[in-house]
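Take a look at the structure below.
Residue numbers (UniProt numbering): 1 to 230.
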């Protein structure tokens, strides 16, 4: 039986997981976008060898389920970190690595493959005729990229980047498998205490919808502002 009286207490409990969820999502978004942009530039400029490696990376991480990558990182990352730190003479216990760090690393590796496609599409949308016009005005490659190409690429990529952020938000729910508590995991824990699962999940849905609305508004306003400047 649906009980409206538990909605407010559940809301306060689940809101406690929002800051960590947003922080992890933002970290994954920033790191994956940076890595994906580098991958996209490698493909856009058709750099030999590196381009083939990037393609292989994208095929691997777009094909493997994220939860598999999370478990691979969970069991493999501590040993890798311990080995790498030993090379520089640092005594570090890799198994003390927080699970949220493991989750960020795993999802960043996965999302970077998709971000590379987003940025690559934005780069390919750039009109090369503008580059010829810029060169005729005496622009250098660095000036062309900074003043002409980059603003247009960012505008073209914003809608897909906003979608990527929400994909990351939803992917974080997989972290419950390695005991990382996000919004969804907190709703499960809250419901397990009072057995009002429907109410807890409805609260989680509302929180996700509010975040999605905020992200959409920020993306739309940013896109409009940048279009005016360009």
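A virtual CB, placed ideally from N, CA and C, is assigned to each residue, including glycine.
Start and end of the alpha helix (DSSP H) containing residue i?
i, result
"residue 33", "18-44"
"residue 156", "150-171"
"residue 139", "Where residue 139 is concerned, there is no enclosing alpha helix (DSSP H), given that its DSSP letter is neither H nor E."
"residue 193", "183-194"
"residue 144", "Unbroken run through residue 144: none, as it is neither H nor E."
"residue 13", "7-15"
In angstroms, rounded to a whole number, what distance separates the CA positions of residue i and residue j?
i, j, result
"residue 56", "residue 64", "12 Å"
"residue 126", "residue 14", "43 Å"
"residue 141", "residue 135", "8 Å"
"residue 20", "residue 182", "7 Å"
"residue 67", "residue 101", "15 Å"
"residue 53", "residue 42", "10 Å"
"residue 40", "residue 196", "46 Å"
"residue 147", "residue 165", "26 Å"
"residue 8", "residue 174", "26 Å"
"residue 74", "residue 36", "23 Å"
"residue 84", "residue 120", "32 Å"
"residue 190", "residue 225", "41 Å"
"residue 69", "residue 110", "8 Å"
"residue 215", "residue 24", "15 Å"
"residue 26", "residue 87", "31 Å"
"residue 130", "residue 59", "32 Å"
"residue 159", "residue 217", "11 Å"
"residue 261", "residue 138", "The structure shown does not extend to residue 261, since the chain spans only 1 to 230, so no value can be given for it."
"residue 154", "residue 163", "14 Å"
"residue 220", "residue 123", "20 Å"
"residue 29", "residue 115", "9 Å"
"residue 80", "residue 10", "39 Å"
"residue 228", "residue 51", "34 Å"
"residue 156", "residue 192", "44 Å"
"residue 188", "residue 167", "20 Å"
"residue 34", "residue 194", "43 Å"
"residue 91", "residue 82", "8 Å"
"residue 49", "residue 71", "29 Å"
"residue 133", "residue 78", "52 Å"
"residue 201", "residue 184", "8 Å"
"residue 144", "residue 118", "21 Å"
"residue 38", "residue 180", "29 Å"
With a cut-off of 8 Å on the beta carbons, I'd call residue i and residue j a contact; round off their distance for me.
i, j, result
"residue 18", "residue 207", "7 Å"
"residue 178", "residue 103", "7 Å"
"residue 2", "residue 223", "Their Cβ separation, rounded to whole angstroms, is 40 Å, which puts residue 2 and residue 223 out of contact at 8 Å."
"residue 128", "residue 32", "Contact doesn't hold; Cβ gap of about 28 Å is too wide."
Report the residue ranges of all alpha helix (DSSP H) runs contained in full by the segment 56-119; include only those spanning at least 4 residues, in chain order.
66-87
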